Amino acid sequence: MKRRPLPHAGGGAGTADAAVQFLDFRFLDLHHVVLFGLVSKACREAALRYLHTLSSLDFSPYQKLINRAVLVLRSSPHVSRVSVAGCTLLRPDRVMYDNIQHLDVSNCRQLTDAHVEHIAQSASRLVSFSCANCIKVTDAGLMPLITTHHNALVHLDLANTSISDVIADAIATCVNLRFLSVAHPSHQYSLPSQQSHAVVASFTDTGLLAIASSCLLLESVNLDGRVRITSRGVLGLRGITSLTRLNLSKTAVGDALFPHLSPLPWPALVDLNLCGLSAQRAAAGVSDASLGPFLAACRHLERVDLSANMAITDATINRLLHGSATTLRCVYLTRTSISWDAIWRLASDAPHLRELVVARCPKLTGFKAKAKQFHQAFPVVLAQHLSDQAAQWF
1277 MKRRPLPHAG
1287 GGAGTADAAV
1297 QFLDFRFLDL
1307 HHVVLFGLVS
1317 KACREAALRY
1327 LHTLSSLDFS
1337 PYQKLINRAV
1347 LVLRSSPHVS
1357 RVSVAGCTLL
1367 RPDRVMYDNI
1377 QHLDVSNCRQ
1387 LTDAHVEHIA
1397 QSASRLVSFS
1407 CANCIKVTDA
1417 GLMPLITTHH
1427 NALVHLDLAN
1437 TSISDVIADA
1447 IATCVNLRFL
1457 SVAHPSHQYS
1467 LPSQQSHAVV
1477 ASFTDTGLLA
1487 IASSCLLLES
1497 VNLDGRVRIT
1507 SRGVLGLRGI
1517 TSLTRLNLSK
1527 TAVGDALFPH
1537 LSPLPWPALV
1547 DLNLCGLSAQ
1557 RAAAGVSDAS
1567 LGPFLAACRH
1577 LERVDLSANM
1587 AITDATINRL
1597 LHGSATTLRC
1607 VYLTRTSISW
1617 DAIWRLASDA
1627 PHLRELVVAR
1637 CPKLTGFKAK
1647 AKQFHQAFPV
1657 VLAQHLSDQA
1667 AQWF
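So for the sequence shown, the working numbering puts the first residue at 1277; every next one is plus one.
Set out below in structure tokens:
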């Protein structure tokens, strides 16, 4: 992004990079700035004038940020979007959020229910809230925030927090909600294994059905890693016709779901993640016969992840191309039973394909020679793991 010229103490105009040496702010780009140090009054005034033009502040690159730095918010009356993601030394209860509409406190491991309650009280204009990976945050802390702002909230990211079905009724009152993530992917657990399992298992079909019955404007739903979400819960989403992104990775969804999704309830679906539906769950798993017709009905898919489903073969790829050949951009097929024919067909028939990821697919034999041929034929496709270096994996 082109940097905006900034007046400085010398009376001329310089770039933000040049101003760093004598301003007390480090400018990241047009809308991002962070407190840097003490400088002269003239330089401070120049910086403050600039701050009055900002609409967003991103402190996330500075994970050792302290509360003193966030005082910059007092001089930024027009800032409505703030990220302190990963700033683990920050005391969220010492910051005022009066004008903030979009707040990201994700990856702040120190965040507790008390901090969230403070945010609920001071952020009177909140419409978007993310506390992903804040494992100390529970239903008790989120309840006042959601109930206070339920009419305004459009974005709620609660991934890897300690929520349960208890919070679902409160979320269900957010009738204008567009984005919801209650994901809890296993690779991000930060609790002992038994406690992690209890947290993951505490959000079930019951909670999802309660939310789906009221939040009819949802466009994106992320259920990654919620092992007690089954086909029954996902069927509750059929009434949300505005859905464009759905992540069911590592849930307990299986073949029973897809025959009930005809006619297609989500005509605008562009992003579908079905990774790992067959992993260690006897009742789950997907097959060509069940999934194929559903994919053929999807006409606008751009990103599809079918990884870690060994029952998926070339037949599913054929149905995927039948529905979305002209829109596909990213396809992930690691640990599936596809062959080289399917890979070549994807690259040939999907003109906008730019990323194709395959690894540990047992039918991909003669890997070294075939991978070289693929790269020569389709240089525009970023085919991860289709390289000589990856041949040892097969």
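Think of the CB as a built atom: it goes at the ideal place given N, C-alpha and C, for glycine as much as any other residue. Just so you know, these numbers come straight off a predicted model, no measurement behind them.
Asked, Found
"Helix, strand or coil at GLU1631 according to DSSP, with G and I counted as helix", "strand"
"Residues sharing a beta bridge with CYS1606, DSSP", "ARG1579, GLU1631"
"Buried versus exposed call for PRO1368 [16 or more other C-beta atoms within 10 Å across all chains shown]", "buried"
"Inter-residue spacing [alpha-carbon to alpha-carbon] between ARG1228 and SER1615", "This structure gives no information on residue 1228, because the portion of the chain shown stretches from 1277 to 1670."
"Collapsed DSSP secondary structure at SER1356 in the structure displayed", "coil"
"8 angstroms contact criterion, which CYS1574 and THR1612 should meet: CB distance rounded", "Going by Cβ atoms, the distance from CYS1574 to THR1612 rounds to 18 angstroms, so no, they are not a contact pair."
"DSSP beta-bridge partners of ALA1659", "LEU1632"
"Contacts around SER1583, its chain only, beta-carbon distance under 8 angstroms, and the 5 residues preceding and following it disregarded", "CYS1551, GLY1552, TYR1608, LEU1609, THR1610, ARG1611, THR1612, VAL1633"
"Cβ neighbours of HIS1598 in the same chain (closer than 6 angstroms, five flanking residues each side left out)", "ALA1572"
"Touching by the beta-carbon criterion (3+ pairs, under 8 angstroms), the stretch 1521-1529 and the stretch 1490-1508", "yes"
"Minimum Cβ-Cβ distance from LEU1492 to chain B less than 8 angstroms", "Protein chains in the displayed structure number just one, and chain B is not present."
"Backbone secondary structure at VAL1510 - three-state DSSP", "helix"
"Residue nearest to PRO1461 in terms of C-alpha spacing, selected from PHE1479, ILE1447, ARG1454", "PHE1479"
"Closest residue to SER1406 among LEU1387, ALA1416, ASN1549 (Cα-Cα distance)", "LEU1387"
"Contacting residues, own chain, Cβ-Cβ under 6 angstroms from LEU1421 (five flanking each side not counted)", "VAL1392, ALA1396"
"Nonlocal neighbours in the same chain, by C-beta distance under 6 angstroms from ASN1383, ignoring five residues either side", "ALA1361, GLY1362, ASN1409"
"Chain-order list of residues whose beta-carbon lies under 6 angstroms from that of ALA1618 (same chain, five-residue window excluded)", "ASP1590, ILE1593"
"C-beta atoms of LEU1545 and LEU1511 nearer than 8 angstroms", "no"
"Residues near HIS1576 by beta carbon distance below 7 angstroms, same chain, minus five either side", "ALA1544, LEU1545, VAL1546, SER1600, THR1603"
"Rounded distance between the beta-carbons of SER1489 and ALA1446, thought under 8 angstroms", "Not confirmed; about 14 angstroms, so no contact."
"C-alpha gap between HIS1328 and ILE1411, whole angstroms", "35 angstroms"
"Simplified DSSP state of PHE1455, which is helix, strand or coil", "strand"
"Residue burial classification, VAL1451 (beta-carbon count within 10 angstroms, cutoff 16)", "exposed"
"Contained beta strand (DSSP E) runs [length at least 3] in the stretch 1376-1455, N- to C-terminal order", "1378-1380, 1404-1406, 1431-1433"
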